[in-house]
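**Q** Numbering (the numbering used here), first residue to last: 1 to 245.
Glycine is no exception: its CB is placed at the ideal position from the N, C-alpha and C atoms.
Owing to the predicted nature of the structure, the values given are computational and were not obtained by experimental measurement.
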C-alpha cells in the first residue's frame, strides 16, 4: 500500500513537476487538497470600509489573488485605472501577471529580484511622493502595513477578497502519513474541519515561520521545514520517504 501524503495546495498543472517524480520513485500517493479557498468580496462589503480607490497613484500587490480581485472589484465599482498608475509587486511573477488586465510597462512596474516583501520597501521608499493603495486578504497580517509605516509613505489599505477554510466532509477518511502546510490559514482550517485531530504518528511539514508558529500553538509538532539541504516541498517529501525504506 502506497504511503499517502496530503499537500495542502492545488495539484501542479504540469506532469513534469518534481512532485510526481518523487511520488513515482518512492511509490507515494500524493493528494493535493487546498485547506483554504479564496472568495470574492462584494462591492457593497468593500464600500463599508469607506476607502476610495481613485486618487491613488500606485498599487502594492503581494499576490496574483490580490491582482484578480482588485481589478474585478474596480470593474464592479466602475472605477477606471489611469494609464499612468504605478505597480509595486512582491516579485517579478506577480508583476508580470498584471498584464492580464492592463498593458505591461516596465517603467511603471517595480519589484525586488529576491521576491521578498522587505526588499520591496527600499524601492517604494524611492517613490515616496506616490499615494499607495494596498489590496489585502481578510486573513492578512499587519506586517506589510507596519513596513510601510516605517518608511513613512502615504497609503490606504483595504480587504478586497476573503481567505476562508475549505470544508472537508465529516465522513472523509483522514489516513495520511504526512501533511504539508503552506500558511497559518491552512493550520486553522485543519483545526476547524477536524477539531478532534490527533497527530500521533503523522508527520507534519510547514513552510514559513508563521505557519510553524500556528501549528505549534495548537499542539502540532512540526517534523519538517525548509533548510539549506531541503529547499523545496518535493525534497522534504523525499527525505520523509527515505525514512520509510
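Can you name the start and end residues of the alpha helix (DSSP H) that residue 244 belongs to?
**A** First-last for residue 244: undefined, no H or E at that position.
**Q** Can you have a look at residue 48 and say buried or exposed, based on whether 16 or more other CB atoms are within 10 angstroms of its CB?
**A** By the neighbour-count rule (16 or more Cβ atoms within 10 Å), residue 48 is not buried but exposed.
**Q** Out of 234, 35, 55, point me to the one whose CA is closest to residue 154's CA.
**A** Out of 234, 35, 55, 55 has the C-alpha closest to the C-alpha of residue 154.
**Q** Go through the region 169–198 residue by residue and report every complete run of the alpha helix (DSSP H) that reaches 4 residues or more, in order.
**A** Entirely contained in the region 169–198, the alpha helix (DSSP H) runs reaching 4 residues are, in chain order, 184–193.
**Q** By alpha-carbon positions, which one of 110, 15, 41 ends up nearest to residue 62?
**A** Considering only alpha carbons, the answer is 110.
**Q** Measuring CB atoms only, is the region 14–22 touching the region 159–176, in the sense that at least three cross pairs come out at less than 8 Å?
**A** Short answer: they don't touch.
**Q** Mind the definition here: the region 23–35 touches the region 183–203 only if three or more C-beta pairs lie below 8 Å; say whether that holds.
**A** They touch, by the three-pair rule.
**Q** Based on the DSSP output, what are the partners of residue 162 in its beta bridges?
**A** Answer by DSSP bridge pairing, in chain order: 39.
**Q** Kindly indicate the opening and closing residues of the beta strand (DSSP E) around residue 29.
**A** Element bounds for residue 29: 28–32.
**Q** Starting from residue 124, trace the alpha helix (DSSP H) in both directions and tell me its first and last residue.
**A** Unbroken alpha helix (DSSP H) run through residue 124: 117–125.
**Q** For the candidate residues 86, 232, 177, 100, whose alpha-carbon lies nearest to that of residue 124?
**A** Answer by Cα proximity: 86.
**Q** Among 158, 216, 52, 112, which has the Cα closest to the Cα of residue 79?
**A** Among 158, 216, 52, 112, the Cα nearest to that of residue 79 is on 52.
**Q** According to DSSP, is residue 73 helix, strand or coil?
**A** It is helical.
**Q** Residue 74: which of 106, 133, 208, 238 sits nearest, CA to CA?
**A** With distances taken between Cα atoms, residue 74 lies closest to 133.
**Q** Any idea which residues DSSP pairs residue 5 with across the strands?
**A** Note: residue 5 sits in a beta bridge opposite 30, 178.
**Q** Taking a contact to mean a Cβ-Cβ separation below 8 Å, would you say residue 147 touches residue 66 in this structure?
**A** No, these two residues do not count as a Cβ contact at 8 Å.
**Q** Tell me the rounded alpha-carbon separation between residue 151 and residue 206.
**A** Cα-Cα distance, rounded: 31 Å.
**Q** Is the beta carbon of residue 138 less than 8 Å from the beta carbon of residue 162?
**A** The answer is yes: Cβ separation under 8 Å.
**Q** Secondary structure at residue 232, three-state DSSP: helix, strand or coil?
**A** Coil at residue 232, not helix or strand.
**Q** Could you check if residue 82 is buried or exposed, using at least 16 other CB atoms within 10 Å of its CB as the buried criterion?
**A** Residue 82 comes out exposed.
**Q** Out of 91, 131, 158, which one is the CA nearest neighbour of residue 140?
**A** Of the candidates 91, 131, 158, the one whose C-alpha sits nearest the C-alpha of residue 140 is 158.
**Q** Quick check: does the Cβ of residue 42 come within less than 7 Å of any heavy atom belonging to the ligand FMN?
**A** With respect to the ligand FMN, the structure offers nothing, as it holds no ligand at all.
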